[in-house]
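J.: One structure follows; several queries about it will come next.
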Amino acid sequence: MSNRTYVVGVGMTKFEKPGRRENWDYPAMAKESGTNALADAGIAYDEVQQAYVGYVYGESTSGQRAVYELGLTGIPVINVNNNCSTGSTALFLAAQAVRSGTVDCALALGFEKMQPGSLGSTYDDREQPMLKHILALAELREVAMPPAPWMFGAAGREHMEKYGTTAEQFAKIGEKNHRHSVNNPYAQFQEEYSLAEILAAKMIYEPLTKLQCSPTSDGSGAAIIASEAFVDKHGLAGQAVEIVGQSMVTDMRSTFEDNSAISLVGGQMSKTAAANVYEQAGLAPADVDVIELHDCFSTNELITYEALGLCAEGEGGKLVDAGDTTYGGRWVVNPSGGLISKGHPLGATGLAQCAELSWQLRGTAQRRQVEGASVALQHNIGLGGAVVVTAYRPAER
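The opening position of the sequence shown corresponds to residue 1 in the UniProt record's numbering, with each subsequent residue numbered one higher.
Next up, the structure:
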């Protein structure tokens, strides 16, 4: 990358069960996360030159309405919607604007105000964007509802059939992420469950029990992205986190030609984006210390281990059994509790991941801190489809 790009401020709200906070609408969510990010960077909103605001559910120009809580400065405000990868897409666009030299400071902000229960469609008078994926999977597996756990559960079943992965190995991921979330005050759930409790929870779509599925959530996250000149001008090098690699990939021919549920839920997209990032950053998986990845379901976390190159294809279960993805292991994956336990307000998820990794690299993650963390990797995916993978290092160390 020609121009160095940094995260200089992050903020988020606590993620909540939809409707739990009375009268908590999206402008208030955005005000909270955005104000926190600006305060973290020590700058005023009038220093922000562009804003990229992500959400999945909402009317057009909700992005403008959200950031008007921070100020009315006339800057370009771009609304972003990319399903579950919306937050990291806003981050990608803000970083791209800074990296290109178009601006020196940009805001990426995401929020979601969701309905309880499984995700549903808003417009029923046109083709659903996921229909192509659903029809392709229906040729491989008997259709079940709701669609999301069916699709990711089918990918898990494929992994079990091909590689001998067990339901218990997937459940161990749920156990780990719930255990991690106990130390995260921003998490929707902060309760530890035993492996037996994870396995005994209500079955949603085998092998996925309820405690291995991310919930619907309300909440917001934000990040301030800045150039090297801006960092120097404001003396922010001590807290700045450099984006040393970033790649966004959408569906490829392999998604539909592999005859694979794993490919249909983004396995090849994730693998391609990760490879791009490692090449850009001059890093290998072994160099990474801490990872926030898209565990919308425990099956996807295991599949993503392989896509990110943490292990060979088919060996994700061994990684779990060895304890290599928690404290004391080779990597700490989802120290925040991940989507499964922290929550998944779609537009905010990618920015919450960015916030967690920024805190980890600054050494300010408190009881969640990964000792000596110096390289972080973020993975955020949305079906239909898009994935963003980002690598970070501290500006000073």
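The beta-carbon is built from N, C-alpha and C at its ideal position, and this holds for glycine as well.
Would DSSP call G219 helix, strand or coil?
T.: Correct three-state label for G219: strand.
J.: Measuring only the C-alpha atoms, how far is H180 from V80?
T.: Cα to Cα, H180 sits roughly 30 angstroms from V80.
J.: Going by beta-carbon coordinates alone, are A240 and V231 separated by less than 8 angstroms?
T.: Cβ distance < 8 angstroms, so A240 and V231 count as in contact.
J.: Where DSSP assigns a beta bridge to S247, which residues make up the other side?
T.: Bridge partners of S247: V389.
J.: Between the stretch 359-374 and the stretch 214-229, can you find at least three pairs of beta-carbon atoms closer than 8 angstroms?
T.: In short, these stretches do not touch, since the Cβ pair count stays below three.
J.: Considering only C-alpha positions, which residue in the set F92, R99, A95, L109 is nearest to Q64?
T.: For the residues F92, R99, A95, L109, the minimum Cα distance to Q64 belongs to L109.
J.: Leaving out the 5 sequence neighbours to the left and right, which residues in its chain are closer than 6 angstroms to P129 when beta-carbon positions are compared?
T.: Excluding residues within five positions, the ones whose Cβ falls inside 6 angstroms are G384.
J.: Consult DSSP for H159 and reduce its assignment to one of helix, strand or coil.
T.: H159 falls in the helix class under three-state DSSP.
J.: Roughly how many angstroms separate the alpha carbons of S254 and M269, rounded to a whole number?
T.: Roughly 9 angstroms between the two C-alpha positions.
J.: Check T209 in the structure and name its three-state DSSP category.
T.: Here T209 sits in strand by DSSP.
J.: Please report the residue range of the alpha helix (DSSP H) in which C105 lies.
T.: Note, C105: premise wrong, no alpha helix (DSSP H); beta strand (DSSP E) at 105-112.
J.: What does DSSP give as the partner residues of C84 in its beta bridges?
T.: Partner(s): N82.
J.: Write down the C-beta distance between D46 and G9 rounded to the nearest angstrom, noting that I regard them as a contact closer than 8 angstroms.
T.: Going by Cβ atoms, the distance from D46 to G9 rounds to 15 angstroms, so no, they are not a contact pair.
J.: So the beta strand (DSSP E) I381 belongs to, where does it begin and stop?
T.: That run of the beta strand (DSSP E) goes 376-382.
J.: In the UniProt domain "Thiolase C-terminal" (270-383), which residue ranges form an unbroken alpha helix (DSSP H) of at least 4 residues, counting only runs that do not cross its ends?
T.: Qualifying alpha helix (DSSP H) stretches, in chain order: 298-307, 316-321, 338-342, 349-362.
J.: Among A155, Y186, I173, whose alpha-carbon lies nearest the alpha-carbon of residue 409?
T.: Since the first residue shown for the chain is 1 and the last is 397, residue 409 is missing from the structure and cannot be characterised.
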